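Before any comments, here is the structure.
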């Protein structure tokens, strides 16, 4: 029998999201264009952002989409280019760029975090929308289970209710506020060699060692158990709580494992530097093209990309952008080799 249902409550007061941006830029060159600098500064404010706010569920819907949130941010982008070598046969061009950006929710209808690490659909006033919160770790108890500090500084054991007022700590942003790159290109006659390095600074990530692969309260195990080296530091016997970090197996429960995974000791510095790519190219000289009389230009390039991470801030040796998960879906990209041949008629 045909039927219909209302998927979402209508809101006749719903309006457009609006964004106002102010930009200021500067471009300058010195010493016959041997040095160039570009600076861009911006400030942005977005108002009336659509958000699903809690509603009286007796009307049939627990949320209602409204123009609720406002967000402000600012940023700076700087690019510096130099030509240290410039001659008839040689040319060396070096470019360094740096960008900074930040954002903050500015609406008091979104109270600050009081007991939850939040998620992708939760925002908080006076915090960026890519925040990372964590529980305040208080070590293991005498039976090897997780303890946290509550909002008053006292310890909570893992048998406490999930609604207990846990002490929350703002750890930083999950996306880098500082990022950029360094590129060098060396040309010798018809040969060109270029290399690019990128960097990402000032953000954090939550390590995923125990996101799976650890027995839960029903003794079920999923994920890549043999890859979780952190299990070697788990609690095994009374007294281990003085040095052990990972909860023991004997009395494991949901809170103990969840609290440990989301505790501040598992939030690490994600800053890193990567070797992005290197390219070697060759352009067929005009003296040869003139004899062929078919092509205006022929260029060949060999590129190797995704060369891997050069430096990372965390001491655990974890690649922050490809932290180990339970299903092999977050493996780092493999090294890629590309050959290009371009012919212009």
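In our numbering, the protein residues as written are 35 to 379.
Yeah, the Cβ is synthetic: ideal placement off N, Cα and C, and Gly gets one too.
Values in this document were obtained by computation on a predicted structure and should not be read as measured data.
Nearest-angstrom Cβ-Cβ length linking residue i and residue j, presumed shorter than 8 Å
{"i": "residue 244", "j": "residue 203", "result": "Incorrect: roughly 19 Å between the Cβ atoms, too far for contact."}
{"i": "residue 102", "j": "residue 83", "result": "7 Å"}
{"i": "residue 89", "j": "residue 98", "result": "4 Å"}
{"i": "residue 131", "j": "residue 215", "result": "6 Å"}
{"i": "residue 224", "j": "residue 316", "result": "6 Å"}
{"i": "residue 85", "j": "residue 100", "result": "7 Å"}
{"i": "residue 160", "j": "residue 145", "result": "About 10 Å; that fails the 8 Å criterion."}
Alpha carbon of residue i to alpha carbon of residue j, nearest angstrom
{"i": "residue 175", "j": "residue 193", "result": "11 Å"}
{"i": "residue 241", "j": "residue 222", "result": "46 Å"}
{"i": "residue 297", "j": "residue 50", "result": "39 Å"}
{"i": "residue 271", "j": "residue 239", "result": "31 Å"}
{"i": "residue 329", "j": "residue 375", "result": "13 Å"}
{"i": "residue 166", "j": "residue 112", "result": "27 Å"}
{"i": "residue 201", "j": "residue 269", "result": "24 Å"}
{"i": "residue 139", "j": "residue 182", "result": "28 Å"}
{"i": "residue 257", "j": "residue 208", "result": "Confidence is the limiting factor: at residue 257 the pLDDT is only 49, short of 50, which leaves the residue's position unreliable, though a coordinate-based value still follows. Cα to Cα, the separation comes out at about 24 Å."}
{"i": "residue 347", "j": "residue 299", "result": "15 Å"}
{"i": "residue 123", "j": "residue 227", "result": "14 Å"}
{"i": "residue 95", "j": "residue 344", "result": "51 Å"}
{"i": "residue 156", "j": "residue 274", "result": "37 Å"}
{"i": "residue 184", "j": "residue 351", "result": "31 Å"}
{"i": "residue 354", "j": "residue 164", "result": "16 Å"}
Backbone secondary structure at residue i - three-state DSSP
{"i": "residue 257", "result": "Because residue 257 sits at a pLDDT of 49, beneath the cut-off of 50, its placement in the model cannot be relied upon, and the following sentence gives the value as read from the coordinates. Looking at residue 257 - three-state DSSP - the assignment turns out to be coil, as it is neither helix nor strand."}
{"i": "residue 266", "result": "helix"}
{"i": "residue 54", "result": "strand"}
{"i": "residue 320", "result": "helix"}
{"i": "residue 275", "result": "helix"}
{"i": "residue 40", "result": "coil"}
{"i": "residue 165", "result": "strand"}
{"i": "residue 241", "result": "coil"}
{"i": "residue 308", "result": "strand"}
{"i": "residue 285", "result": "coil"}
{"i": "residue 91", "result": "helix"}
{"i": "residue 295", "result": "helix"}
{"i": "residue 349", "result": "coil"}
{"i": "residue 335", "result": "strand"}
{"i": "residue 343", "result": "strand"}
{"i": "residue 354", "result": "helix"}
{"i": "residue 128", "result": "strand"}
Cut-off 6 Å between Cβ atoms - residues of its own chain near residue i, not counting five sequence neighbours on either side
{"i": "residue 312", "result": "229, 338"}
{"i": "residue 290", "result": "179, 180, 192, 281"}
{"i": "residue 53", "result": "80"}
{"i": "residue 70", "result": "63, 115"}
{"i": "residue 104", "result": "81, 140, 141"}
{"i": "residue 373", "result": "336"}
Sequence-distant residues of its chain with Cβ nearer than 8 Å to residue i (five each side left out)
{"i": "residue 210", "result": "234, 235, 236, 237, 304, 305"}
{"i": "residue 369", "result": "338, 339, 340, 341, 342"}
{"i": "residue 278", "result": "174, 178, 267, 268, 269, 270"}
Beta-carbon proximity check, residue i vs residue j, cutoff 8 Å
{"i": "residue 168", "j": "residue 75", "result": "no"}
{"i": "residue 336", "j": "residue 318", "result": "no"}
{"i": "residue 380", "j": "residue 308", "result": "Here the chain has residues from 35 to 379 only, and residue 380 is not among them."}
{"i": "residue 107", "j": "residue 142", "result": "no"}
{"i": "residue 189", "j": "residue 172", "result": "yes"}
{"i": "residue 365", "j": "residue 371", "result": "no"}
{"i": "residue 126", "j": "residue 220", "result": "yes"}
{"i": "residue 137", "j": "residue 118", "result": "no"}
{"i": "residue 65", "j": "residue 133", "result": "no"}
Same chain only: Cβ atoms within 7 Å of residue i, ignoring 5 sequence neighbours per side
{"i": "residue 56", "result": "76, 77"}
{"i": "residue 87", "result": "97, 98, 100, 102"}
{"i": "residue 378", "result": "329, 330, 331"}
{"i": "residue 196", "result": "289"}
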